[in-house]
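The block underneath contains the structure these notes are about, expressed in structure tokens.
Residue numbers (our numbering): 12 to 85.
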């Protein structure tokens, strides 16, 4: 109860650690479009072999959505 007052500062050391943890993932943002296009290509390829032409319309919709996401990141 009778101890010395403790100082409280607004700057907390946790923020620096969080920034250091996020920094490596910032470099991965440059490969997101490449990874997305590769995943969509593999999805469409396996979808054609599994379901044939029945899934053609859905494949086109997925391809259009992935192209929009690719354009957003590019």
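Every residue, glycine too, gets a C-beta built ideally from N, C-alpha and C.
On a predicted model such as this, the values are computed, not experimentally measured, just so you know.
Output the boundary residues of the alpha helix (DSSP H) element that contains residue i.
i          : result
residue 68 : 67 to 84
residue 45 : 43 to 62
Would you kindly work out how many angstroms separate the C-alpha atoms of residue i and residue j, rounded to a whole number?
i          : j          : result
residue 77 : residue 45 : 11 Å
residue 59 : residue 74 : 13 Å
residue 72 : residue 49 : 16 Å
residue 39 : residue 52 : 20 Å
Return the residue from the list the options that minimises the CA-CA distance to residue i.
i          : options    : result
residue 80 : 47, 41, 63 : 47
residue 70 : 84, 55, 62 : 55
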